Structures are given as structure tokens and as C-alpha cells.
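Under my numbering, the first residue of the sequence shown is numbered 115, with each subsequent residue one higher. Written below as C-alpha cells is the structure these notes are about.
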Amino acid sequence: MEIAQRMEEFIREKYYTELLKAAKEDGALVIDFSDMDRFDPITADQVLEAPKTVLEAMQKSVEIFGLGGRVNVRLRNIPESRNIRIRSLRARHLNRLWCIDAIIKSASEVKPQIYEATFVCPECGTRIDVPQEGNLLQKAFACQCGRRGDFGEPVEKKMYDVRWLTGVEPFEITTGEQPGEIRIILKEDLTTPKMQKKTDPGARLRIVGMLIEAPKHIKGRLSTKMDMFFEALHVETKDVEFEDMDITPDDERRIKEMASDPKIYERLKMSIAPGIYGFDEIKESIALQLFGGIKHTLPDGNTIRGNIHILLTGDPGIGKSMFLKLVSNLVPRGKYVSGSGVTGAGLTATVRKDEILGGWVLEAGALILANKGVISIDEFDKIGKDDQIAMHEGMSIETVSIAKASIVATLPAETAVLAGANPKFGRFDPYMPIADQITIPETLLSIAPEEPVIYRENGTVRIEPVSDLVDRYCKGVDSLPIGIEGIEVPAFNKDFKMEWWPVRYVFRHKAKIPLYRIALNTGRGIIVTKGHSLFVFEDAEIKTTPSDKIKSGDWVVIPKKLPKNSSFSKEIDIIEELSKMPADTTKNVFI
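Structure, rendered in C-alpha cells:
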């Protein structure tokens, strides 16, 4: 019995309902390999070794039902023995069925491609169908009437949609190795808008398909060297969450045993970089980052990220890079990059011209490729300011939007950022404010509760600590973001002119460690954390003393003046800038 007949019987018995549904929806008939193997083991073995021949026969068996339209046959769930790494694909794997896991690095636009062209013989009028393969149009060269030569342009073209992807191996299987990379082609129903969204850059896919050779031309002549690409026959997303991982009974027992340990928090903290002495606060912060926060969905549908971002800033040689490298190797989706070789496009996304196919290709950066993982960025201070600002959207709302050439897209970037940087002047200067020694845009940094903020409410401009403003709207601590109206804050536009910008949400979090208020007899005061040190004059010398060790009567040293920061090209007087704003926006100003 021929393959087409056996497959017709198989589909009629096992998949007829699915076939009717696929024909009605212009979709595909997805066949589980295990069902085929149970029905016809011989054909199942053949499809693994000669998939093109068997699938063409299966396509004919589908057409026998005469349901109209084109229903493509797709195959899923092939044996695990057919799983292969991209870097392991070789010439011996050509034209056989395989399954690969890939992160999509770049994706082209969806374009039509001719798969069959029809020519007409100018002498006898015979129609000649010529199947098309490759990038160049194959023309008819002979007719049954004996004519040879040029048959002109095709009178009819059959086309389907195609999309080219570039896939790389997942980070978790390429530790210490260069990730393998391969071009992947999607055809017909795999290019629908729904599938296009699932196969955008950053997506993690499991792809069943064939490894195909592609001719390579050098100066118009066919080369002996060949390129390879992967023709996808079935695509499914592979964004496996941590809670979806396979947990054995022994794993479950050990997890419950650890969870019942009263010192589990300390054990987790100290398990971070045990080879580095001290830095307990940093280890605790990284442990909390790896667990992550809680993602909130607001009533209007907007979301507040749950990921935690950390910036490690300190003198050179104290172990920042060791922390970053360790974390990138510790988590399944960790990635490490260094600021000296990083650009904004490399971190977020870019659009480039495809030299082979033409058109524009969307290429994902490290933030997107590490989606739902952690990215360690070393030498963060070496990244250009514009490139740092390019990360703002990805870090704040966890998406990366791009609109270049003909491509407009928004890609997911649910990535926790662990960055390391040196102080602006090489080492910390104890006589300068810390904020002035960090070359990081203020939009990427958090602010303290006592930080004064200028805002306008119902036409009246005021200055007060940001905590006082937030307290009026938030009930309790660690509250969800609260939507507010009628509050505006002054902000500089790109021309450094001040404008009023509305505040949409406010929220508050409880300090995890005690804060200390230190008051001086001069009337000055400061609120600091437990680990913050002050200069104290004691025993005829100046010493640094932690804030929780300061006692009433201690002499705190205050510098008479601070060195001028030569990096400021212009000093801005906020009060003066407010006075330059339109009078109708600053009337009844009380500061």
C-alpha cells in the first residue's frame, strides 16, 4: 500500500475531526508522531529519515478528501533521540527530521515567495509548471513540442508567505561556549499574525523541521561550499517558567526540609558568592533579586514590574565583577555583558538591512534575549549616557519598543538588571555627596523619602519631601500603586526648558531596616540608614563611625566647603527656571 493511501486511512481514523476544523479555519493539521508510530511504525520511521517524501505523500492524502483550500500537514512530538543542539548540526543531518531549541535573535518581515511558476509555450500553447526552489526564479527551458529557449515571463505564479528568523542556542546550555546560530524559515500558516507575534525576537521556541542545504554563489558562480538553514514544520513556544520545571519527589522533600529551617533566610544569603568575604548586604540584595518581587496588575490593566534592579558601585578591585559573573552563571537565563563593548542597540533592539534577502530585519538585544532571567552589566559607567537612557523603558515597564524603517514592534524584556560601576572619579571621595559621584541618569535611580520635590496642585506650587506627598494618597505601607490626578511636577524637555508633567501613580514601601535621625546643635539634621557612617572627632583624630554607634555628645565633623564638580557644564537655578514659565501656570506660587 502506498504511503498516501496509508496516511489517508490514518487521517480518516484518527484525525478527521481535526482535518475538518483545519479546513474551516484555513489552518494546519497537526499530527502527533506517537499516534503515527502506533498506527504505522514503518511510515513513522520513514518520516524521520526522508521527511520531504513522506510529508508530500501526506499532503496528497489530505487533498484526497476534497475539502477545498490548502491544509498543511505539521508534525509534532518527535522522539527525544531527534533533539539536537544547533551547534551540533552537520552535513550528515541534512534532509532528515530534527528538533531544536532556539531563542529568536532576529526576524524579517513576512513576504510572499513563489513556489510554482507557470509558463506558456509560444508555439503550441502548452502550459508548463516549474517548481521553484532557492532565491532565483527558475524558468521553463523546453516544451514537449520540441521547442527550446526563452519562454518569457510566467503567466501565473503560486505563492505563499515566508518569514526568516535567526535562532541562537539558549544560554542555559551554552555556559562557557559560543552559542550556535542558524537561519530558520517559516512558511504559510506559520507566518500568520498570531504566529508572527509568537516568533518575534526574544521568543524561546521548540522547532521541528528539516535541515536543508542552500547553494552559495561567489561572483555569480556556484561555490563548492554550501549554506544550511532549518525549514520549520512545527513551532511551539518554550517559555518554561520555574514553577513548570520537573520536580522529583526527592527534590520536593529537600525543598520542604530547607523551607522548615528557621535559618533558611541566612543560608540563602550566605550561599551567594561564599568565596567572597563580607558584603552581607550585597549578598542579601542579590538573593532577593533572584527570587524577585510580585508583579501587580492595576485595575486599568497596566502592570507594575516585580523584578528588582541592583546597581553595585564601589572602588575598583573589591569584587563587583565577581558578583556579576557568578550571578550570570547561577541563573538558568543569565547573561553577562561588559560596558566597554556594549551599545544601546546591543542591549535593547535594532533594525538592520538583510544583505541576503533584502528588506529590514528586527534584531533583539541582550535585555530581550535574557527575558525572564537576569542580565549582569559590568562597567556600567563606561556605557554612553544615551545608551543608558535607552534601557529606561526595559527596566521600568519591561518592554522594548522600536519604530525604525518599516518595522514597528514592542518586545518583552522582563529582565532583572544587576549592574556594576566605578565612581566617577575612580574612587569614592568622602567629602562629596554620593549622588554626584555616580555617572548614572537620575531616571534610573530611586529617591530617598526626605528628598524634596517641587509640584503643582490645583494651581499652587509647593516644595515638600516626596514622602509627605505620597503619604496623603497611600494607606498603609507596601501599598499598591495609587492613581492620582491634579498633580504635576516640573521637568526639563530636550531643550532644557521647564514644563509641567502630570503624575499618574504614587506608591510607598516600608524600609526594611531602621532609619536613624541625627540632629546637630547647629539645627541641621540628616536621616540615614544603619550602615551609613559619619565623621566623628574623637581622641584628637577624625574617625568614621556607623550611624547606629553615634552617641549624644559626639562631635560630628562637617566640611567647610566641597570641591567643585568640574563635570557640570551649567548650573540650573530651579527657582529662576520656574519664574521663566508662563505666568498663568505659576500664579499663586508659594515656595
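Note that beta-carbon positions come from the ideal geometry of N, C-alpha and C, so glycine has one too. Predicted model only: the values in this text are computed from it and were never measured.
According to the DSSP assignment, GLN227 belongs to the beta strand (DSSP E) that extends over 225-234.
In the structure shown, the three-state DSSP call for HIS423 is coil. DSSP places PHE265 in the coil class of the three-state scheme, outside both helix and strand. Here SER337 has LYS330 as same chain residues with Cβ atoms under 6 Å from its own Cβ, once five neighbours each way along the sequence are excluded. Shown here, ALA523 sits in a strand according to DSSP, grouped into three states.
Rounded to whole angstroms, GLU132 and ASP146 show a C-alpha spacing of 12 Å. Cβ contact annotation for ALA118 (same chain, cutoff 8 Å, sequence separation greater than five): ALA171, MET172, LYS174, SER175, ILE178, in chain order. Contact check for THR464 and VAL514: beta-carbon distance about 10 Å, past the 8 Å limit, so the pair fails to qualify. For SER220, the enclosing beta strand (DSSP E) has its first and last residue at 211-222.
By DSSP's assignment, ALA346 forms a beta bridge with GLY323. When the alpha-carbon of GLY479 is set against those of TRP212, LYS449, PRO537, ASN635, the nearest one is in LYS449. Considering only SER435, PRO363, LYS272, the residue with the shortest C-alpha distance to SER490 is SER435. Under the 8 Å Cβ criterion, the stretch 233-241 does not count as touching the stretch 337-353, having fewer than three qualifying pairs. In this structure the stretch 522-534 touches the stretch 300-319; the number of beta carbon pairs closer than 8 Å is three or more.
Judged by DSSP in its simplified three-state form, ILE408 adopts coil rather than helix or strand. DSSP places GLU127 inside the alpha helix (DSSP H), whose first and last residues are 117-128. With contacts defined as CB atoms closer than 7 Å, LYS272 and GLU230 qualify as a contacting pair. When the five nearest sequence neighbours on each side are left out, the beta carbons in the same chain lying within less than 6 Å of the beta carbon of PHE233 are those of ILE242, ALA254, PHE265, PRO268, in order along the chain. Nearest in C-alpha terms to MET121, of all of LEU134, GLY141, VAL187, GLU139, is VAL187. Membership of PRO363 in the alpha helix (DSSP H) is indicated by the continuous run 363-373. C-alpha of TYR130 to C-alpha of LEU476: approximately 39 Å in a straight line.
Listed in chain order, the non-local C-beta contacts of VAL642 below 6 Å within the same chain comprise TYR630, SER661, local neighbours out to five positions each way being set aside. Looking only at ALA142, LYS665, ASN635, VAL670, the smallest Cα-Cα distance to PHE649 is reached by VAL670. The residues ARG210, in chain order, have a CB closer than 7 Å to that of GLU163 in the same chain once the five nearest residues on each side in sequence are set aside.
DSSP places ARG541 outside both helix and strand once states are collapsed to three, so it counts as coil. Non-local C-beta neighbours of ILE156 in its own chain, meaning closer than 6 Å and more than five positions away in sequence, are absent. For PRO579, the uninterrupted beta strand (DSSP E) run begins and ends at 574-579, by DSSP. Distance from GLN246 to GLN252 at the Cβ level is roughly 6 Å; contact confirmed, criterion being Cβ atoms closer than 8 Å. Note on geometry: alpha-carbon atoms of VAL580 and VAL567 lie some 6 Å from one another. Nearest to ARG201 by alpha-carbon distance, out of ASN191, GLU194, ILE214, is ILE214. For a cut-off of 8 Å, the C-beta gap from VAL322 to ARG190 is around 6 Å, short enough to register as a contact. Put simply, the backbone Cα of ARG541 is about 55 Å away from that of ALA328. The beta carbons of VAL575 and LEU532 sit no closer together than 7 Å. With fewer than 16 neighbouring CB atoms inside 10 Å of its own CB, GLN292 falls in the exposed class. In its chain, beyond the 5 residues on either side, ALA171 have a beta carbon closer than 8 Å to the beta carbon of GLU116. Distance from the CA of GLU398 to the CA of PRO430, rounded to the nearest whole angstrom, comes to 21 Å.
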